[in-house]
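1 is the number of the first residue of the sequence shown in UniProt numbering; add one for each residue after it.
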Amino acid sequence: MRVVIVGAGIGGISSALLLKKRGFEVVVVEKNDTPGGRARYFQQGEFKFDMGPSWYLMPEVFQDFFSSLGEEGHPVIKVEPKVRIDQGKLGEKGESITFYKDERGEELQRYLEDTKFMYELSKKFIRKEMTVLDFLDRDILSNVSRFPIFETLDRFNSRYFKEEIMMKSMGFSSVFLGGSPYKIPAIYAMINYSIFAQGVYYPEGGFEGYVKRLYNLARRMGVEFKFNSPVNKVKVEDKKVVAVYSGEERIEGDVFLFNMDYHYADNLLPEPTVEWSERKLAPSSILAFLGVKGEVNLPHHTVIVNGDWRDHFSSIEERRLPSIENMSYYVSYRRATDDKLMGQDLVILIPVAPGLRKESSLVDAALKDLTVKSESKFEVKYMRTYGPEDFSQDYNAYLGTSFGLAHTLDQTGPFRMPMRNKRFRNLFYVGQYTQPGIGVPMVTLSAMIVSKKISESF
Ligand SMILES: Cc1cc2nc3c(=O)[nH]c(=O)nc-3n(C[C@H](O)[C@H](O)[C@H](O)COP(=O)(O)OP(=O)(O)OC[C@H]3O[C@@H](n4cnc5c(N)ncnc54)[C@H](O)[C@@H]3O)c2cc1C
Numbered sequence: 001m002r003v004v005i006v007g008a009g010i011g012g013i014s015s016a017l018l019l020k021k022r023g024f025e026v027v028v029v030e031k032n033d034t035p036g037g038r039a040r041y042f043q044q045g046e047f048k049f050d051m052g053p054s055w056y057l058m059p060e061v062f063q064d065f066f067s068s069l070g071e072e073g074h075p076v077i078k079v080e081p082k083v084r085i086d087q088g089k090l091g092e093k094g095e096s097i098t099f100y101k102d103e104r105g106e107e108l109q110r111y112l113e114d115t116k117f118m119y120e121l122s123k124k125f126i127r128k129e130m131t132v133l134d135f136l137d138r139d140i141l142s143n144v145s146r147f148p149i150f151e152t153l154d155r156f157n158s159r160y161f162k163e164e165i166m167m168k169s170m171g172f173s174s175v176f177l178g179g180s181p182y183k184i185p186a187i188y189a190m191i192n193y194s195i196f197a198q199g200v201y202y203p204e205g206g207f208e209g210y211v212k213r214l215y216n217l218a219r220r221m222g223v224e225f226k227f228n229s230p231v232n233k234v235k236v237e238d239k240k241v242v243a244v245y246s247g248e249e250r251i252e253g254d255v256f257l258f259n260m261d262y263h264y265a266d267n268l269l270p271e272p273t274v275e276w277s278e279r280k281l282a283p284s285s286i287l288a289f290l291g292v293k294g295e296v297n298l299p300h301h302t303v304i305v306n307g308d309w310r311d312h313f314s315s316i317e318e319r320r321l322p323s324i325e326n327m328s329y330y331v332s333y334r335r336a337t338d339d340k341l342m343g344q345d346l347v348i349l350i351p352v353a354p355g356l357r358k359e360s361s362l363v364d365a366a367l368k369d370l371t372v373k374s375e376s377k378f379e380v381k382y383m384r385t386y387g388p389e390d391f392s393q394d395y396n397a398y399l400g401t402s403f404g405l406a407h408t409l410d411q412t413g414p415f416r417m418p419m420r421n422k423r424f425r426n427l428f429y430v431g432q433y434t435q436p437g438i439g440v441p442m443v444t445l446s447a448m449i450v451s452k453k454i455s456e457s458f
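Below you can see the structure in the form of structure tokens.
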């Protein structure tokens with residue numbers, strides 16, 4: 001039985017490994033010349049940049065994934081401090097809080113005890129493709145106040161924290177789930193449990209190292225890869241997909257698993273599976289990859305909130321660029337954790353609405369602001385900016401979204417994209433558009449769910 005996987009993102013390669021282990025013949029067809037998708041890296045002289053993820057959370061998911069392959073887990077380093085949050089005015093030093101090891105105030109302690117319950121209960125649901133009936137689960141119904149589905153993250157957090165900076169510290173992770181604390185359901189506070197209680201990790205070699213580990217293992221196990229092979233046609237016959245085409249090349253299989261952008265894939269079918277106009281996309285981002293030399297006074301992860309952050313979130317909904325004075329951003333400085341890196345690479349991420357174009361004035365302002373707030377003195381030796389148009393071009397991302405589909409309540413669990421096509425029953429999907437959702441651990445879980453589904457059906 002031959003499975004054709006389209007896309008060598010984390011979702012595609014993880015599924016390839018699991019399906020190969022279950023005895024399928026597997027070929028992975030990828031548009032780009034390297035594996036990893038949004039988790040790729042690039043090198044420029046002494047500087048090396050992970051182009052996507054930088055937070056390695058929910059370590060037990062990776063442990064389970066590797067043990068199901070009969071492999072040792074990927075080595076990790078614990079990141080300390082976990083994160084620093086700054087708030088204030090653009091271009092001025094403001095207030096800042098840094099979260100170290102086990103330092104927890106009383107409020108945070110109480111918050112983490114309650115979010116632990118959410119985290120533990122959610123494990124029951126994120127390891128399978130949920131159906132609407134799962135919302136009637138006895139554990140959910142008997143714990144509605146402790147597993148709040150209908151409350152927003154912001155409202156839930158305000159039960160615990162009064163200080164603005166703590167509200168921001170417990171709200172920023174919503175961006176990684178493609179939303180805002182005012183829109184995503186409170187159950188996603190479980191991510192805060194993962195960050196502030198379980199801790200933040202860094203995979204050895206960065207995400208470059210993690211992707212290489214997956215890829216090398218897949219090659220060793222006999223998975224075939226075809227790079228530089230954008231799929232641009234899907235051949236269906238008699239309610240089945242029979243082949244995909246990359247240009248003139250026809251690639252046949254018994255089962256097809258699409259890891260490529262869901263919207264792009266949908267448009268290759270005779271008719272789309274999803275009503276896209278009703279779907280809420282996660283933000284895109286403007287990224288700056290900076291190779292610097294000098295003094296950088298930053299921990300690995302820093303979140304900077306300037307002015308009114310509600311206005312930044314509104315700009316994403318209203319599909320306009322954020323105003324410079326209300327611009328919040330995230331900075332990754334992995335040299336703070338990884339002393340094996342040759343260069344000092346900094347990545348700035350400014351969340352913006354999908355469909356926009358990159359704007360250098362935002363990057364320039366963020367860079368100046370960062371040097372003031374962190375009191376750093378460095379010279380920029382290399383800079384590359386990357387934006388929505390690059391996400392579209394490189395990954396066929398719908399309107400250049402960075403993260404796929406937002407985690408609003410109506411796009412959570414069973415309301416995300418189906419993992420199996422209703423019409424073409426040998427066509428499956430994996431990745432951040434499907435369940436359980438966005439982020440490397442979630443996408444790894446989606447690979448675990450879908451490969452089980454495929455092996456149970458074929
Ligand atoms: C800037 C950024 C920061 C992030 N930070 C974090 C973080 O800190 N922690 C975390 O856990 N997650 C983070 N994420 C999210 C995480 O990286 C993604 O959720 C995850 O990598 C998505 O994997 P995927 O397999 O679903 O999709 P993708 O990585 O998009 O893979 C899809 C693959 O399909 C290929 N493809 C597309 N069209 C075709 C075609 N026609 N033919 C062949 N191949 C095609 C693409 O080239 C790509 O390789 C971040 C993402 C971004 C962009």
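Just so it is clear, CB atoms sit at the ideal spot from N, CA and C, and this is done for glycine as well. None of these values were measured; they are calculated from a predicted model.
Distance from Ser451 to Arg22 at the Cβ level is roughly 7 Å; contact confirmed, criterion being Cβ atoms closer than 8 Å.
Remark: C-beta atoms of Leu287 and Ile187 do not approach each other more closely than 8 Å. According to DSSP, residue pairing for Ile126 in a beta bridge does not occur.
The closest CA to that of Leu356, considering only Ala406, Ser392, Val331 and Leu214, is found on Ser392.
When secondary structure is reduced to three states using DSSP, Val430 falls in the coil class, being assigned neither helix nor strand. Sixteen is the threshold: when 16 or more other Cβ atoms of the shown chains lie within 10 Å of the Cβ of Phe156, as they do, the residue is buried. One alpha carbon belongs to Tyr111, the other to Lys162, and they sit about 13 Å apart.
Distance check between Arg40 and each of Asp134, Ser446 and Lys212 places Lys212 closest, using alpha-carbon atoms only.
Rounded to whole angstroms, Met1 and Glu25 show a C-alpha spacing of 6 Å.
No residue range can be given for Pro81, since it is assigned to no alpha helix (DSSP H) and is classified by DSSP as neither H nor E. In this structure, Glu389 has its CB at a distance of at least 7 Å from all heavy atoms of ligand 1.
Under the DSSP assignment, Pro203 falls in the beta strand (DSSP E) whose first and last residues are Tyr201 to Pro203.
For the alpha helix (DSSP H) assignment, the uninterrupted runs of no fewer than 4 residues enclosed by the segment 23-85 are, from N- to C-terminal side, 59-68.
With a beta-carbon spacing of about 4 Å, Tyr56 and Tyr201 fall inside the 8 Å limit used to define contacts. At a threshold of 7 Å, Tyr382 does not count as near ligand 1, since its beta carbon sits no closer than that to any of the ligand's heavy atoms.
Ile324 is the residue among Ile324, Gln344 and Glu295 whose C-alpha sits nearest the C-alpha of Asp308. Shortest Cα-Cα distance from Ser194 to any of Asp410, Leu405, Val27 and Tyr119 involves Tyr119. DSSP places Pro270 outside both helix and strand once states are collapsed to three, so it counts as coil.
For Glu359, same chain residues with a beta-carbon under 7 Å away, outside a window of 5 residues either side, are Ile286 and Leu321 in chain order.
In this structure, Phe42 is the residue among Gly37, Phe42 and Ile5 with its C-alpha nearest to the C-alpha of Tyr382. Between the segment 242-249 and the segment 55-71, the count of C-beta pairs closer than 8 Å stays below three; the two stretches do not touch. A direct Cα-to-Cα measurement between Ala353 and Glu80 gives close to 31 Å. Close CB contacts of Thr385 within its chain, under the 6 Å cut and outside five residues either way in sequence, are with Ala288, Lys358 and Val363 (chain order). By the neighbour-count definition (other C-beta atoms within 10 Å, threshold 16), Met342 is an exposed residue.
For Leu298, the closest C-alpha among the options Leu290, Arg335 and Tyr329 is that of Arg335.
Here the segment 6-22 makes contact with the segment 251-260; the two share three or more CB pairs at distances below 8 Å. In the structure shown, Phe415 adopts helical secondary structure according to DSSP, grouped into three states. Remark: C-beta atoms of His300 and Thr273 do not approach each other more closely than 8 Å. By a beta-carbon distance limit of 8 Å, Arg84 contacts Ser96. Their separation comes to about 6 Å.
The three-state reading of DSSP puts Ile140 in helix, counting H, G and I together. Relative to ligand 1, the beta carbon of Gly247 is positioned no closer than 7 Å to any heavy atom. One thing to note: Ala197 has its Cβ no nearer than 8 Å to the Cβ of Lys82. Secondary structure note for Lys235: its beta strand (DSSP E) is the uninterrupted segment Lys233 to Glu237. In the three-state reduction of the DSSP assignment, Ile348 falls in the strand class, which pools E and B. Counting other Cβ atoms within 10 Å of its Cβ, Phe227 stays below 16 and is therefore classed as exposed. If you ignore the 5 residues before and after Ile316, its C-beta comes within less than 6 Å of the C-beta of Pro283 and Ala353, all in its own chain and listed in chain order.
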